[in-house]
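What follows is a single structure, written as structure tokens, with notes after it.
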Amino acid sequence: MLDTNHLLEVKNLKTYFPVRSGIFLTAQAQCKAVDDISFSLQAGETLGLVGESGCGKSTLGKTIARLIKPNNGSIHFQNTDITTLGRKKLKPLRKDIQMIFQDPADSLNSRHSISNILEEPFIIHGIGNAKHRKKRVCELMKKVGLQANAIDRFPFEFSGGQRQRIGIARAIALNPKLIICDEPVSALDVSVQSQVLNLLMDLQKEMQLSYLFIAHDLAVVKHISDRIAIMYLGKIVEMGEADDIYQRPRHPYTRALISAIPTPDPRKKSKRQILVGDVPSPINPPSGCPFHTRCPHVQDICRTKLPLLRNTAETDQKKHTVACHFDL
């Protein structure tokens, strides 16, 4: 049953890509990028989505934004089923669902000035005249910490961090309710990452934004997220409050990711959990638990039976779910 209190609710979402081969490029197999994922997001909340490269994080984000059409499942945004909506019906909703991309150099058109880039959302949705759009562009630049008199410059004239601020300005131009952040700081210097993260948090408070924050760095995700979902091979294997995930991780994969976070104190030795083997192919995932080929606690049931997300013992009445056959 749909919860009307949620801004976003995803149910049993699947996004598969055909693997074609042969003279006639017929589909021989399917790449299961997103494989039966369910979660919800409340207004003003940040859900961090973490996993190794290739686990399907970005595909999930683009599917929710309807840049990719899902194969199965449902996406409800503000109690509206947007799973199968066509282009015309999706257009009004585009104002409320925006994306910030990983590489600001690629996501900004190098042939357009910043003024043209930031005016484009208003032009597409028929908002305001030229004077009004110019005023809004200047306001957006100031809001993300850039000089308004730089709007006639081009993206290559800015640093990586400044370009990402322009990408953020474009994402918030139409006052959206949900922003999907697809690894927005991974291409930036460490010294700039915290500035961009703090900007996103300030904008969230000011504009009551909700974030789906995609990243592979758990340390970054902890800084900004209310809840965290751990993704492996197209599936969510653990989800809970950010502090609870860090202090009491239940899934072996989550524990390995947390153990890989660098310790700032060189005198403090951390016990690293090294995963053996490579991530299996999403074209031919293993039977049973998708993590069993690398899990140090694997048993016979793991090889044959798929564990479903289940509630663990509640801690301070905070919900924590894990997809594992055992209480580790």
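In our numbering, the protein residues as written are 981 to 1308.
Yeah, the Cβ is synthetic: ideal placement off N, Cα and C, and Gly gets one too.
If the five residues before and after residue 1235 are omitted, its C-beta is found closer than 7 Å to the C-beta atoms of 1229, 1253, all from its own chain and listed in chain order. At least 9 Å separates the beta-carbon of residue 1098 from that of residue 1160. Under the DSSP assignment, residue 1194 falls in the beta strand (DSSP E) whose first and last residues are 1190 to 1195. Under the criterion of beta carbons closer than 8 Å, residue 1007 and residue 1263 do not qualify as touching, at roughly 11 Å. In this chain, the alpha helix (DSSP H) harbouring residue 1074 covers 1067 to 1074. Between the alpha carbons of residue 1134 and residue 1095 lies a gap of roughly 9 Å.
Excluding five sequence positions before and after residue 1020, the CB atoms of its chain that fall closer than 6 Å to its own CB belong to 986, 989, given in chain order.
Contact between the region 1021 to 1038 and the region 1186 to 1199 is present, with at least three C-beta pairs closer than 8 Å. With a cutoff of 9 Å on beta-carbon distance, residue 1242 and residue 1199 are scored as near each other. For residue 1163, the secondary structure class from DSSP, reduced to helix, strand or coil, is coil.
DSSP places residue 1057 in the uninterrupted beta strand (DSSP E) bounded by 1052 to 1057. Given a length threshold of 4 residues, each whole run of the alpha helix (DSSP H) inside the region 1127 to 1175 is given here in chain order: 1140 to 1152. Taken through DSSP and simplified to helix, strand or coil, residue 998 comes out as strand. The beta carbon of residue 1127 is closer than 8 Å to those of 1121 in its chain, skipping five residues each way along the sequence. Runs of the beta strand (DSSP E) spanning 3 or more residues and lying entirely within the region 1004 to 1039 occur at 1006 to 1021, 1026 to 1030, in chain order. Residue pairing of residue 990 in beta bridges, as defined by DSSP: 1019, 1055. The DSSP assignment places 1190 to 1195, 1207 to 1212, 1215 to 1221 as complete runs of the beta strand (DSSP E) inside the region 1178 to 1247, in order along the chain (cut-off: 3 residues). When the Cα atoms are used, residue 1286 and residue 1047 turn out to be separated by approximately 30 Å. Under the DSSP assignment, residue 1112 falls in the alpha helix (DSSP H) whose first and last residues are 1110 to 1123. In the three-state reduction of the DSSP assignment, residue 1060 falls in the strand class, which pools E and B. Closest by C-alpha distance to residue 1213, out of 1038, 999, 1004, 1152, is 1038. Rounded to whole angstroms, the Cβ separation of residue 1288 and residue 1216 is 11 Å, and the two are not in contact under 8 Å. Exclusion of the five residues before and after residue 1083 leaves 1167 as the residues of its chain whose Cβ lies within less than 6 Å of its Cβ. About 13 Å separates the beta carbon of residue 1292 from that of residue 1305, a gap too long to meet the 8 Å contact definition. Pairing residue 994 with residue 1014 gives a Cβ-Cβ distance under 9 Å.
Residue 1204 and residue 1068 have their C-alpha atoms some 34 Å from each other. The straight-line gap separating the alpha-carbon atoms of residue 1144 and residue 1117 is approximately 16 Å. According to the DSSP assignment, residue 1048 belongs to no alpha helix (DSSP H), since it is labelled neither H nor E. Going by DSSP, residue 1301 is part of no alpha helix (DSSP H) but of the beta strand (DSSP E) stretching over 1300 to 1302.
Minimum Cα-Cα distance from residue 1222 among the listed residues 1231, 1233, 1002, 1207 corresponds to 1207.
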